[in-house]
Structures are given as structure tokens and as C-alpha cells.
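Heads up: the structure comes next, in C-alpha cells.
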Amino acid sequence: MKPDRNQALETLAVHAGRGPDPATGSVAPALYPATTFERDADTGTSRGYAYQRDGHPNGAALEAAVARLEGGDWGVSFASGSAATLALFHAASRRGEIVATADAYRGTLRQFAELVPEWGTRVTLVDTTELRAVEEAVSGDTALLFAESPSNPLLEISDLRALADIARARGAVFACDNTFATPVLQNPLALGAHMVVHSATKYLGGHSDLLGGVVAGAGLDEWHADVRGYAIGAGATLAPFNAWLLLRSLPTLPVRVRTQSAAAAELARRLSGHPAVAEVHYPGLPDQPGHRLATRQMQGYGAMIAFRHADGGAAAKALPARTRLFTHATSLGGVESLIEHRASSEGPDSTAPAELIRISVGLEHVEDLWDDLARALEA
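Numbering (my numbering) for the sequence shown: 622 to 1000.
Given below as C-alpha cells:
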């Protein structure tokens, strides 16, 4: 399903939030590291800025760009993806309860377990791929229904349009973590979501050299105000340099994500036939439970793959140290391919299966990546 935009995504990625500098004509966006800005004679801020924590030119440009790429009308940038999700959950806590996907990023689950309850907010975790379970969990007391699709780390696919309908029917707001898909492959707002959230550290940044997060939405002025208020009040604003790096990275986002996704699809196909692999989690494979749904609501299947080692947890844990091109490291979305034993990365209380390995496919040639994986699996 193609997002409803006035221009193609490739064009928006190059031009959204950008333009020649009015003072110098510079085509490349300028970096504004200032922490404070001159006020007017009457103490006003007619030029739009007063103090960096409250907002700055680089952050405003990035927010406008991501909002337009997602088909929204506002965005708020944060110092990390975790800061972005926590701001969203704080806004929800002022309105009611939260229902959220159970297969989710470990940091998000930690927020649900340790931080959100401190606000007196009830969180119910459900399998958002099971609509009946969602319908039973969402009530008139629910303020926010939150989903990851594809999910982390099992790449499960939730029906975003159906989830949006369930939320609306009960007066709740629906938000989707779109980090794995990016606006290149999925547009939750066009499918009925009210807001999207990104760990911009991943594909939006794309070079493993910054931390950042963004919440974008359409309408919902009060939610927008609360999310931005949290960023300012908690001191969670994205730094100008990171915002500048992110805006620099967006023009290549469509090319990067589509190239990475094509390579991931081929690697997933080959892994599914390897004798050392018991199961592959990748929505692009026709035998996956979420394949038909992903084909309907996405424009590609993404560059993340999870697979289970046929020889169990010990073999899975040892595998990342045997790769040469895949770097043994946490995170995803960069130009370099990464591999990790997810349970070890998450720690002793991880819920990830012991035999699960997660890979983030970068921009290396797919044959070189396959040679590296096959050699490591056969060692």
C-alpha cells in the first residue's frame, strides 16, 4: 500500500526539511550548535528560538522532514528512541491505561515493567497479532494501544488497520513503532494509526554514529503538546549535531533500506534451507504466519532476520564470534551488517529464545554476506 503523499518518497527524502540557507545560499543544511538565542527588544522570540532544550533549527528541520515522510503534520525529536517511547507512554499515563505488544524491544519492555508503573499506570501486554486478544484487552479505560510491527526480535506482523479500528472503537489512540520498517516500507498513519515512533539511531540515521528518537503524528494537538512538553521538561531534546546528522542521512534512506531489504530477503531464503538452521523469522518468506499481511500493508519485508540454530543455545551463542563480515554487536540499521545472540545481549532476564540469533543486513554484497554466514554455520 503506497503512502498518500504529494511527491514520491525519494523526492521527499531529499527535500523534506531542507532548502538553501536564506542567509548564505548553502545547499547543505547548516549546523546551529547554539545553546541560547538572542531575544527581541521586547523580550519576544520572533525568530522562533530561545534556548536549545526548548527547540533549535536543526531539530525543527528534522522533525518537519520525518513528519512529512510519515505523512503526518508534526514531529518531536528526542535524544534516543527510548526517550521517545517514554514520552509517548507518559502522555498516555495522563489519560488512562496502556495495552501494548508483548514481543517488543527489550528497552520498551523494561519501561513498561519499571518506569511506567511508577506513574500509577496499568500496562497490559498482549500478542497484537491475535486480534481477539487485543479486543479483550482494550477497554474504555485504555488511552493508548501500542504495537511494534515488525516486532523485535521475532519479526511478527500485526494488522495495523485492524488495531487502529479497535482503538478508535474504544476511544483510544493507536501508535506504532515503525523502526524496523521505516516510512520506506510501511506507513502506519495511512493505515489508521494516530502516531508513529522511531529509534532514529537505526535506519533513519543509518550509519551507527548517533542516538536519536522521533515521535510523529497527525492531529492530536493535546498529545503533541504533552509529548513535546515531556521532551523539554525531562531534558530529553535531541542535540543539534545529531539532528544535523540525521537530516544528512535521510536523502539516502530509500536507497539504503530497499537495498538492505533485498539482500535480507535472499539471505533469509538461503538460511531457511540450511541444515544448521531450525527456523527463520522473516516476513518475506511465504511460509511465515505474517507473510500475507506483510505483503498487503508493507512495500518490502525489511532488513532484519532472526533465526534459530538447530543445535541449540550454546551453538547460537558461539556463532557470532565466528563471522568475519558480520560484526558481533548490538543495534541495527547501519550500513554494516551486525549479528548477535539476542538472549546474551539482553541479559539474564531475557525472554528471547536461547537458540535465537538476530542479524541486521547492511550494504555489503549479498554473496559476500552469505559466504560469511555459511562458513560460520558450518564451522
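Note that CB positions come from ideal geometry on N, CA and C, so glycine has one too.
Hey, residue i and residue j: beta-carbon distance below 8 Å or not?
{"i": "residue 759", "j": "residue 752", "result": "no"}
{"i": "residue 687", "j": "residue 680", "result": "no"}
{"i": "residue 703", "j": "residue 833", "result": "no"}
{"i": "residue 871", "j": "residue 634", "result": "yes"}
{"i": "residue 865", "j": "residue 690", "result": "no"}
{"i": "residue 923", "j": "residue 975", "result": "no"}
{"i": "residue 1002", "j": "residue 805", "result": "In the structure as shown, the chain starts at 622 and stops at 1000, and residue 1002 therefore has no counterpart that could be examined."}
{"i": "residue 693", "j": "residue 781", "result": "no"}
{"i": "residue 712", "j": "residue 848", "result": "yes"}
{"i": "residue 902", "j": "residue 928", "result": "yes"}
{"i": "residue 891", "j": "residue 906", "result": "no"}
{"i": "residue 888", "j": "residue 926", "result": "yes"}
{"i": "residue 852", "j": "residue 708", "result": "yes"}
DSSP beta-bridge partners for residue i?
{"i": "residue 977", "result": "929"}
{"i": "residue 853", "result": "Paired residues: none, contrary to the question."}
{"i": "residue 816", "result": "796, 838"}
{"i": "residue 767", "result": "721, 796"}
{"i": "residue 728", "result": "Per DSSP, none; premise fails for residue 728."}
{"i": "residue 961", "result": "979"}
{"i": "residue 948", "result": "959"}
{"i": "residue 698", "result": "835"}
{"i": "residue 735", "result": "Residue 735 pairs with nothing; no bridge assigned."}
Pop quiz: residue i and residue j are said to be a contact at Cβ under 8 Å. What is the actual Cβ separation, rounded to whole angstroms?
{"i": "residue 1014", "j": "residue 816", "result": "No answer is possible for residue 1014: it lies beyond the span of the chain, which begins at 622 and ends at 1000."}
{"i": "residue 982", "j": "residue 918", "result": "Residue 982 to residue 918, Cβ: 21 Å. No contact."}
{"i": "residue 957", "j": "residue 948", "result": "6 Å"}
{"i": "residue 564", "j": "residue 899", "result": "Given that the chain is displayed from residue 622 to residue 1000, the structure contains no residue 564 and the question cannot be resolved."}
{"i": "residue 946", "j": "residue 993", "result": "4 Å"}
{"i": "residue 763", "j": "residue 735", "result": "So it is not a contact: roughly 21 Å between Cβ atoms."}
{"i": "residue 984", "j": "residue 877", "result": "7 Å"}
Please confirm whether residue i has its beta-carbon closer than 8 Å to some beta-carbon of chain C.
{"i": "residue 847", "result": "Judged by its chain identifiers, the structure shown contains no chain C, having just a single protein chain."}
Just to confirm, does residue i get its C-beta within under 7 Å of one of the non-hydrogen atoms of the ligand GDP?
{"i": "residue 707", "result": "Annotation note on the ligand GDP: not contained in the displayed structure, which lists no ligands."}
Exercise. Hey, which unbroken runs of the beta strand (DSSP E) at 3 residues or more fall wholly within the region 700-725?
Worked result: 718-722
Problem set entry | Cβ contact (3+ pairs, closer than 8 Å) linking the region 772-779 and the region 663-682 | no
Exercise. Where are the alpha helix (DSSP H) runs, 4 residues long or more, that stay fully inside the region 625-668, in chain order?
Worked result: 630-636
For this session: Write down every uninterrupted run of the beta strand (DSSP E) in the region 739-765 whose length is 3 residues or greater and which is fully enclosed by it, in chain order.
Result: 744-747
For this session: Indicate whether the contact test is met: 3 or more Cβ pairs, each with one atom in the region 743-750 and one in the region 788-801, closer than 8 Å.
Result: They do not touch, by the three-pair rule.
Problem set entry | the region 668-683 contacting the region 854-861, beta-carbon criterion three pairs below 8 Å | yes
For this session: Please determine if the region 883-897 and the region 720-731 are in contact, where contact requires at least 3 C-beta pairs separated by less than 8 Å.
Result: The region 883-897 vs the region 720-731: no contact.
Exercise. Are there three or more Cβ pairs, one per stretch, closer than 8 Å when the region 808-823 is compared with the region 951-968?
Worked result: Under the 8 Å Cβ criterion, the region 808-823 counts as touching the region 951-968, having at least three qualifying pairs.
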